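Below is one structure, written out as structure tokens, with a few remarks after it.
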Amino acid sequence: MNPTSVAVRAGLRRGWIELRNTFTNYQDLWNYFFPTFVLLVAMFFMRGSTVPGTTFSLGARTLPSALGMGLAFGGMLVLASQLVVDREDGTLLRAKATPNGMLGYLIGKLVLMSAMALVSMALQLIPALFFLDGLRVTSAAAWFTLAWVAVLGLVATLPMGAVFGSLIENPRNLGLVMLPNMGLIALSGIFYPINGYPGWLQAVAQAFPIYWLGLGMRSALLPDGMAAVELGGSWRHLEMFGVLGIWAVLGLVLAPVVLRRMARRESGSRVAARRERAMQRAV
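Sequential numbering of the sequence shown, starting at 1, is according to full-length UniProt numbering.
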């Protein structure tokens with residue numbers, strides 16, 4: 001068996017083990033359930049409001065948008081933060097020291113992040129069905145759209161998360177990625193349609209994956225008539241595929257280069273120096 005196949009198998013096994021461990025870690029369980037609880041409570045109280053110009057529940061419209069936001073957030077921010085933490089505690093250095101260890105490490109993280117994203121979607125979608133009306137959950141076409149948007153969204157965001165995590169050395173600097181993403185969430189129509197925004201803000205939102213993931217999830221779960229309140233009056237699947245595809249290609253090109261560069265720079269002395277700085281901050 002060639003070394004690459006061994007690394008791939010090891011990465012798949014690593015991802016499964018890490019996923020299993022998240023369900024026995026109280027902090028990880030909190031990270032799953034608390035944001036989900038907050039979103040569900042918000043949608044519950046929004047269910048009586050309606051999307052402007054329609055009689056459709058604003059809460060039901062928000063649910064698929066939140067699913068798309070969760071994919072983008074997990075793909076870019078959670079993976080980036082895990083890379084930063086693993087670099088600081090020496091996990092990446094140990095992976096680098098084994099043959100094809102970085103490949104196995106990366107595959108493990110991709111498996112973990114993808115599974116976590118799907119679990120988070122299920123935790124939001126299933127309870128919301130009990131108090132939100134109008135969602136298309138019995139249509140095979142809806143589930144097909146949900147599947148391809150989720151897969152393409154993960155491919156578009158996970159490599160970029162790896163890029164961001166490779167470029168950030170200090171965990172304190174994660175805010176440099178998080179704050180712009182929070183701003184994009186506000187601009188991307190997750191909680192309210194963006195039709196009333198100035199044209200230049202709409203253009204900014206449409207340049208990033210968050211808007212398109214929200215739109216894709218809405219196209220899967222909302223009635224076809226709700227496309228009328230979107231920009232352009234349609235779900236724009238072709239444009240969605242194009243923008244997410246561009247981000248996917250960009251990430252897949254950049255991620256291996258940046259990860260190799262980061263791995264080459266890792267050494268025992270750099271890990272020790274980061275630990276020393278962390279201890280000084282703690283004191």
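Ideal Cβ placement from N, Cα and C applies to all residues, glycine included. Keep in mind the model is a prediction, meaning the values are calculated, not measured.
Under 7 Å Cβ to Cβ from L154, same chain only, skipping five residues before and after it: list those, please.
L71, G75, S114, A117
Determine, using beta-carbon pairs with one atom in the stretch 207 to 215 and one in the stretch 51 to 71, whether at least three such pairs fall under 8 Å.
yes
Nearest-angstrom Cα distance between Y32 and S120?
7 Å
If the criterion is Cβ atoms closer than 8 Å, does the pair A255 and V163 meet it?
yes
Decide if the stretch 164 to 174 is in contact with the stretch 83 to 102; the criterion is three or more beta carbon pairs, one per stretch, under 8 Å apart.
yes
Do A156 and W247 have their CB atoms nearer than 8 Å?
yes
Taking R14 as the reference, give the member of G196, Q124, L103 with the closest Cα.
L103
Report yes if the CB atom of A60 is closer than 8 Å to the CB atom of V177, and no otherwise.
no
Which residues share a DSSP beta bridge with T91?
Note: T91 sits in no beta bridge, so no partner.
S5 - partner residues in DSSP beta bridges
For S5, which the question treats as bridged, DSSP gives no partner whatsoever.
Check whether G251 and M160 have beta carbons under 8 Å apart
yes
With which residues is T50 paired in a DSSP beta bridge?
S57
CB of R218 within 8 Å of CB of L132, strictly
no
Identity of the residue in T50, T36, N21, T22 nearest V229 by Cα:
T50
Span of the alpha helix (DSSP H) holding A150?
140 to 167
Give the list of continuous alpha helix (DSSP H) stretches no shorter than 4 residues that lie fully inside the stretch 185 to 263.
199 to 206, 209 to 221
Relative to the alpha-carbon of M182, which residue among T55, A128, L77 has its alpha-carbon at the smallest distance?
L77
Can you give me the start and stop residues for the alpha helix (DSSP H) that M121 sits inside?
101 to 128
Taking the alpha carbon of P223 as the reference point, which residue from T138, A147, N21, L29 has its own alpha carbon closest?
T138
With DSSP as the reference, label S81 as helix, strand or coil.
helix
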